[in-house]
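First to last, the protein sequences are chains V and G. According to our numbering, the first sequence is numbered sequentially starting from 714. According to our numbering, the second sequence is numbered sequentially starting from 19. Quick reminder that beta carbons are idealized off the backbone N, C-alpha and C, glycines included. All values reported here derive from a predicted model rather than from experimental measurement.
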Amino acid sequence: MLNPLIIKNARLIDPASNTDHIGAIFVQNGVIVDTATGEIPGAPEDTIIVNARGQLLSPGLIDMRVFTGEPGHEYRETLASASKAAAAGGVTSFVCMPDTLPAIDDGALVDFIIRRAQNDCCVNVLPSAAITKGLKGKEISEFGLLKQAGAICLSEGRNSIQSSALLRQAFTYAANFDLPVAHHVSDDGLTGVGVMNSGFFATTLGLKGIPLEAETIPLSRDLQLALLTKVRYHAAQISCKNSIEILKREKDKSATISAGASINNLTLNEIDVGQYRTFFKLDPPLRSEDDRHAMIAGLNDGTIDTIHSGHDPQDVEVKRRPFAEAASGAIGLETLFSAALRLVHSGDTDLMSILRAMTIRPAEILGLNSGRLSKGAPADFFIADPDYPWVVDEASINSRSNNTAFEGARFSGKVMQTYVAGQLVFDHENEVPIA
Amino acid sequence: MSEQKTHLSSAVSAQNIGANIPFPHTHLLGISQLDQYDIENLLNRSDAMVPISRQPKKTLPTLAGKTQINLFFENSTRTQASFEIAGKRLGATVVNMSVKTSSVAKGETLIDTATTLNAMQPDVIVVRHSSAGAVELLSQKVGCSVINAGDGAHEHPTQALLDALTIRHHKQRISGLTIAICGDIANSRVARSNLLLLGAMNVRTRVIAPRTLLPSGIENLATEVFTSMQEGLKDVDVVMMLRLQHERQSDTSNKLPITPSIREYYRFYGLDAEKLAHAKPDVIVMHPGPMNRGVEIDPAIADGPRSVITEQVEMGVAVRMAVLDSLLNKGEKTIA
C-alpha cells in the first residue's frame, strides 16, 4: 500500500478547470483526493510530502497515437519499453495502434495487450482495435466483442480505409456500440508512391510528392459519413491548412467530430527533410511552413483537439536506406512535451492550449476520467520545469528504437517526475525510469 | 580568378591539365553542389580531354594505379561504358559491378554494399541507383570519392556537364542562350541537373511538357514553363529532348499510363520539322539517349543536320575523364 502523498508548492495547471495557480495536490490510494491553494490540512501522519519548488504540475499526458512492436516486432519496441519512454515524457496513458503482428482485431488480442500492460508497464496502455479484420480494409471486425474485451477505440492504424461503403458500415456499427473511431485519412491512389510533401522541395530532391488532396478528399468523405452515422469520429491526424478549413466548416455541425495532429506536423516542416534525412520521412508528410502555421492556428481556435506523438519505432535497418525505400515514422513519446513547449516559447500558443490538447481533450474523446486534476480522478500527473535546457541525445533514449526527428535538438523544458496512480514512475534525478 | 578560357589544345599533356584550378569537392553528387566557377573549371578540363580520345594513342596515365568501381544498380549501357572508357583512358583500373551479379539481389542493403566495396580500397566509385538520394547515402559510408551516374529522378551531373560542353562547342558560349528542355520532366534526372547547371550559367531555360509531366514547383527551377511545343520552341538556341520514361511507368501512382497513347504524345510533343521550325535557324538538337524514335523525336530530326546527339556521346567521355581526374588528382603532380 502506498503512503498518502502531498505535492506542495506546485504550479497546478489544469486545462479541464482552466486553472493555473500555486498549490498542493493530495493523493491517496492512487486517486486525487484534493487540490488546494497552499497546504492541505489534515493529512495523515505517514503522508509523504514532496516540495515541487514552484515547478509545473500537469495532468499526465494522454497520447492517442502510439505504435509499439508488440506483438510481432519486439525488437523495435515492446509495450514495456514504450511505457518507459512514455513515463520519461510525462505520458501517463497512451493508445496503442493495432498495427502489430498479428493485428489487434480480436478480443483475445485486446486481452493480451491489457494483461501484458498490467504486468510490464508503468503507464496506462489503452488498446485500440482494428476497424477491419487483419487491417485489410475488406470486412469489419467484431466491434462489440472488442469493446467488451477492453478496446478503447477503433483505428485502422497506419492504414486508411478506401471504400466509402465499408466506412459507412463501420461508422454505423461503431455508433451502435458507442465506440470512438480514430481514422487516418489518406487516399492510396493520390498518395501513390509519394514519399514527402508535393512541391518544389520534392521536385528538387527528385522525390515523388504526396498532394494535400490525398488527405483532404478522404477527410471530407469521412466527415460526411460521420454526420450521417453520428459516430464519435476522430480524424486521427491532419497535416495541412486545407484540412483545417474543411474541419472548421464541418465541426460546427456535430459535437462528436474531433481531430488530432502529430507534434511533428506542428513543429517541423518539409525543409527539415534536408538532404534525404529519413528520420523526417513521416506519414502524414511534413508540409510547408504555411501549413504548419495554419495548424497552430487550428490548435489555438480548437479546430485541432488533440496533439499526439505518433510514436513509431523503426529499426536502423529500415531507416538507413535511400529515402524512398526507407520506412516512415519517428519515435516521439519522450520528446512530446518538450517539443510542444517550443510552440509556447516561440509565442505561437500558450501552455494551457497545448496541455488541453494532450490531457482533457483526449480524455473526453476517449471517455476517460483521467486527464484532469480533480477530486476522484486518477493520480496521473507529471512535474516539469518548463525552462530546463537539455539536448536530445540518442544514448539516453528509453525507447528501443532511436529514430527520433529531434536528434540533437535543443529544448527548453523537461519532464522531471511522472506519477501514475500516485506512484512515481519516472524521476529525472535518477535519469532512468523506475520500472 | 585565373584565366578560365581555354581552347581545344592540339598538344595535350598531363602538364596543362594539371595547371587547372584544383576541384574543391570530394564527390560529384549533383550539379546543386557546384557553382559557376566549378562548372567552368570542369568544362575547361573537359575541353582539354577531348583531343586525347581523338589521338591514335588514347591514354594518359594520370590515374595509373587508381581503382575505379562502376556500381550500377540500374541497367545502363552507354553511361557505364562511357565511365569505363574514361577511366581506362586515364590509366585507372576499372571494375564494373552490375546489380545482377552483385549480392544486392540477395537482399544486401546499400550500406552493406558500400561498406564491402570500401574495404577493397577503391579510389572512386561511380554509382547509378533507382532511388533519389541513394548515391549521397552511399557517399557517407565510404572513404573514397563518389560520382553520381544518376540517382532516381534526382540528378545526373555528368550528363548536364556533357550537354553544356556540347553546347559550348557549338555556340561558343552558354550564358545568355535560350534553351528548351522538352518532355518527361517529372521523371527526369537529366532535366533537373540541366536546369540547375543552366540556371547557374545564366541561361534562359524553358521546360515544355504536358501538364501531367510537369512536377510541382517546376516554375521555380525553370525561367519559363510551356505546355505547347510551338510556343516554347520559339527562337530557342538549343532543344534538349528527353526520353519518355516508359520503364518508369510502374513508378507512377497506380501505374497510370503517363500518356494516353504514343501517337498523341508524338503529335503534340514529339520533335518534328514543323515544331523545330519555330526555333532559331542555327538551333541544335540534343538527346541524352537512348532515343525512342517516333515517340519523342522524329528519326529525320535525330539523324538530321541540327542534331548533335552523337557528339554528346563523345563529349560524355571527355567530361567523365575530367571529372575523374578532378576528383582523384588534387593538385598532386602525377607524372613528370
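Cβ separation of residue i and residue j, assumed to be a contact under 8 Å, to the nearest whole Å
i, j, result
"V/A843", "V/A887", "12 Å between Cβ atoms; not a contact."
"V/G1060", "V/P1099", "So it is not a contact: roughly 14 Å between Cβ atoms."
"V/M1129", "V/A1097", "6 Å"
"V/T813", "V/E783", "7 Å"
"V/F1095", "V/G773", "6 Å"
"V/G919", "G/E173", "7 Å"
"G/N355", "G/N62", "Past the boundaries of the shown model lies residue 355 of chain G; chain G is included only from 19 to 354, so the question cannot be answered."
"V/R829", "V/G1023", "Actually they are not in contact, since the Cβ atoms of V/R829 and V/G1023 sit about 22 Å apart, beyond 8 Å."
In DSSP terms, what residue i is bridged to
i, result
"V/F1124", "V/W1103"
"V/C1162", "As shown, chain V starts at 714 and ends at 1148. That puts residue 1162 of chain V outside it, with no answer to give."
"V/G736", "V/A723"
"V/P1158", "Given a span of 714 to 1148 for chain V in the structure shown, any question on residue 1158 of chain V remains unanswerable."
"G/M259", "G/C200"
"G/F90", "G/S116 and G/R146"
"V/G922", "V/M909"
"V/I753", "According to DSSP, V/I753 bridges with nothing at all."
"G/F244", "G/I226"
"V/F807", "V/D776 and V/V838"
"G/V164", "G/I143"
"G/R311", "G/I315"
"G/S325", "G/V303"
"V/H1024", "V/V779"
Cβ-based burial, residue i [other Cβ within 10 Å; buried from 16]
i, result
"V/E1047", "buried"
"G/L26", "Only weak support is given to the placement of G/L26: the predicted model assigns it a pLDDT of 42, under 50, and the value that follows is read from those uncertain coordinates. By the 10 Å Cβ count, G/L26 comes out exposed."
"V/S968", "Here residue 968 of chain V is Ala; the residue named in the question, Ser, does not match the sequence. Per the 10 Å Cβ criterion, exposed."
"V/S877", "exposed"
"G/R224", "buried"
"V/I720", "buried"
"V/V804", "buried"
"G/S268", "With a pLDDT of only 47 at G/S268, under the threshold of 50, the placement of this residue in the model should not be trusted; the figure read from the coordinates follows. Label assigned to G/S268: exposed."
"V/D996", "buried"
"G/S279", "exposed"
"G/K75", "exposed"
"G/G194", "exposed"
"G/T184", "buried"
"G/Y55", "exposed"
"V/F1139", "buried"
"V/V1104", "exposed"
"G/E58", "buried"
"V/L1137", "buried"
"V/V1029", "exposed"
"V/I984", "exposed"
"V/R766", "exposed"
"V/N731", "exposed"
"G/D130", "exposed"
Residue from the options with nearest C-alpha to residue i
i, options, result
"V/V944", "V/D891, V/L918, V/I923 and V/V898", "V/D891"
"G/R222", "G/S246, G/V257 and G/R207", "G/V257"
"G/A227", "G/P42, G/C200, G/K76 and G/A167", "G/C200"
"V/G1011", "V/G922, V/K954 and V/E1002", "V/K954"
"V/G905", "V/F913, V/H897, V/H896 and V/K921", "V/K921"
"V/E1142", "V/N977, V/T1131 and V/I753", "V/T1131"
"V/A1118", "V/G1042, V/W1103 and V/A1070", "V/G1042"
"G/D343", "G/Q51, G/M247 and G/L60", "G/L60"
"G/A104", "G/H43, G/L180, G/D130 and G/T127", "G/L180"
"V/P754", "V/I827, V/V740 and V/A821", "V/V740"
"V/V894", "V/N910, V/E926, V/L936 and V/T917", "V/L936"
"G/T176", "G/E242, G/A110, G/L274 and G/G334", "G/G334"
"V/F914", "G/R229, G/L239, G/D65 and G/M219", "G/L239"
"V/N837", "V/I957, V/K797 and V/I976", "V/K797"
"V/L981", "V/H1006, V/I1067, V/T916 and V/L1079", "V/H1006"
"V/D1004", "V/D1014, V/G987 and V/I951", "V/I951"
*asked:* Does the contact criterion of 3 or more C-beta pairs under 8 Å hold for the segment 965 to 974 of chain V versus the segment 1003 to 1021 of chain V?
replied: yes
- Query: Three or more beta-carbon pairs under 8 Å between the segment 801 to 819 of chain V and the segment 861 to 879 of chain V, yes or no?
  - Reply: yes
Taking contact to mean 3 or more Cβ pairs, one atom from each stretch, closer than 8 Å, check whether the segment 1045 to 1059 of chain V and the segment 989 to 1002 of chain V are in contact. no
Would you call the segment 794 to 814 of chain V and the segment 1065 to 1084 of chain V touching, i.e. three or more CB-CB distances under 8 Å?
-> yes
Cβ contact check for the segment 143 to 150 of chain G and the segment 1034 to 1043 of chain V: 3 or more pairs under 8 Å
yes
query: Does the segment 307 to 315 of chain G come within contact of the segment 152 to 164 of chain G, defined as at least 3 CB pairs closer than 8 Å?
result: no
Under 8 Å: do the segment 128 to 144 of chain G and the segment 294 to 302 of chain G share three or more Cβ pairs, one atom per stretch?
no
**Asked** If you pair each beta-carbon of the segment 46 to 60 of chain G with each one of the segment 163 to 170 of chain G, do three or more pairs fall below 8 Å?
**Response** yes
task = Decide yes or no for the touch test of the segment 791 to 801 of chain V against the segment 1105 to 1119 of chain V: beta carbon pairs closer than 8 Å, at least 3 of them.
result = yes
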